[in-house]
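Asker: Going by the working numbering, the residue at position 73 of the sequence shown is 135; the numbering climbs one at a time, nothing skipped. Here a beta-carbon is modelled for each residue, glycine too, at the ideal position from N, C-alpha and C.
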Amino acid sequence: MTTMDDVLEAHGVDKMSGVLGVSGQYYYSRDPSSIYKNPVESAFGEKTERQIRGIDAGTENMEMAQSVTRISDGALDGIQDYLQKIRELAVKALNSFVYNADDRQVMQDQVEQYKQGIADIAASTSFNENKLLDGSHQKFDVAADGNGRMESVSAGNATLKALGIDEIDFTKKVDTKVIDKAMEKVSSLRSTGGAESNNLDHAIAFNRLSSENHLATYKEDDLQTMVNRSGWMKKNQLLQAVQTQMQKKQADAKRIHTLNLLG
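This is the structure in structure tokens:
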């Protein structure tokens, strides 16, 4: 009598391992009740997609933070330019052999305009309604991905008082050291912003590479899923063919047995 093992063996089943070969590429259990399932498939795909979305959102966050550093640096460059002009006037005001009190008053009037320019920049520089240079914030934190990694950018204080030039008056006293300290503070703020900008550049590049790698893995997983599902269909088709063949052989055997009895 032909058994299921005989038929399965004829279709590529290894009796010892119980493995069914389909097209010489995909292998599955020969147990018909063992329907192909990949418990990792769905979970891994969803996890990978979450990671990609989190990374991409973090990249967008850091790109906005990068905009903050550029806005701040541009504003500080304007403040530094005003300070440089104030210092030039201070050096002139120190030359009492050429400039008298009236001249120094004219210079002071010009200094007041420059100071107002600095005050306006410090008060108006903002991003998304957040002030960047008026001292109301120390730093801004941004999520760099969906796993809790954080990056930050500093917010400075470039007000006249913070720079120490709010009471400069060339008609009373001229002190270039005060202006030099203000310029050093602005340079320090720009240096900090530059370092943070470089750090964000590296973090953004890392995120983009990580996202590409995750996406490549995700696509490979989707491809493997399709291959697995295709193999599962081939397995079912083969099992159905085996069962049909078994039923046919059993019917033939029954017919032959009946004919023998009649003969």
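Output the boundary residues of the alpha helix (DSSP H) element that contains residue 174.
Answerer: Here the alpha helix (DSSP H) through residue 174 covers 163-186.
Asker: Could you give the DSSP three-state label for residue 222: helix, strand or coil?
Answerer: In the structure shown, residue 222 sits in a helix (DSSP, three-state: H, G or I).
Asker: Distance check for residue 143 and residue 240, CA to CA, integer angstroms please.
Answerer: Going from the Cα of residue 240 to the Cα of residue 143 covers about 16 Å.
Asker: I'd like the span of the beta strand (DSSP E) that includes residue 215, first residue to last.
Answerer: Segment 212-216, the beta strand (DSSP E) holding residue 215.
Asker: Are there 16 or more other CB atoms within 10 angstroms of the CB of residue 235, so buried, or fewer, so exposed?
Answerer: Classification for residue 235: exposed.
Asker: Tell me which residues share the same chain as residue 184 and place their Cβ nearer than 6 Å to its Cβ, disregarding the 5 neighbours each side in the sequence.
Answerer: These residues qualify, in order along the chain: 195, 196, 220 and 221.
Asker: What does the Cβ neighbour count give for residue 215, buried or exposed, with the cut at 16 atoms within 10 Å?
Answerer: It is buried - the Cβ of residue 215 has at least 16 other Cβ atoms within 10 Å.
Asker: By Cβ distance below 7 Å, which residues in the same chain neighbour residue 247 in space, the five residues on each side in sequence not counted?
Answerer: So the qualifying residues of the chain are 225.
Asker: Taking Cβ to Cβ, would you say residue 169 is nearer than 8 Å to residue 156?
Answerer: In this structure, residue 156 does not lie closer than 8 Å to residue 169 by Cβ.
Asker: Would you tell me roughly how many angstroms separate the C-alpha atoms of residue 117 and residue 261, rounded to the nearest one?
Answerer: Taking the straight line from one Cα to the other gives about 16 Å.
Asker: Alpha carbon to alpha carbon, how far is residue 127 from residue 212?
Answerer: Cα to Cα, the separation comes out at about 12 Å.
Asker: Please state whether DSSP places residue 157 in a helix, a strand or coil.
Answerer: Three-state DSSP puts residue 157 in coil, outside helix and strand.
Asker: I'd like the span of the beta strand (DSSP E) that includes residue 204, first residue to last.
Answerer: Run containing residue 204: 201-205, per the beta strand (DSSP E) assignment.
Asker: Taking contact to mean 3 or more Cβ pairs, one atom from each stretch, closer than 8 Å, check whether the segment 165-181 and the segment 251-260 are in contact.
Answerer: Counting Cβ pairs under 8 Å, fewer than three are found: no touch.
Asker: Please state whether the Cβ-Cβ distance between residue 266 and residue 125 is less than 8 Å.
Answerer: Closer than 8 Å, so yes.
Asker: CB-CB under 7 Å to residue 189, same chain, minus the five flanking residues each way: which ones, in chain order?
Answerer: Cβ neighbours of residue 189 beyond the five flanking positions: 129, 130 and 133.
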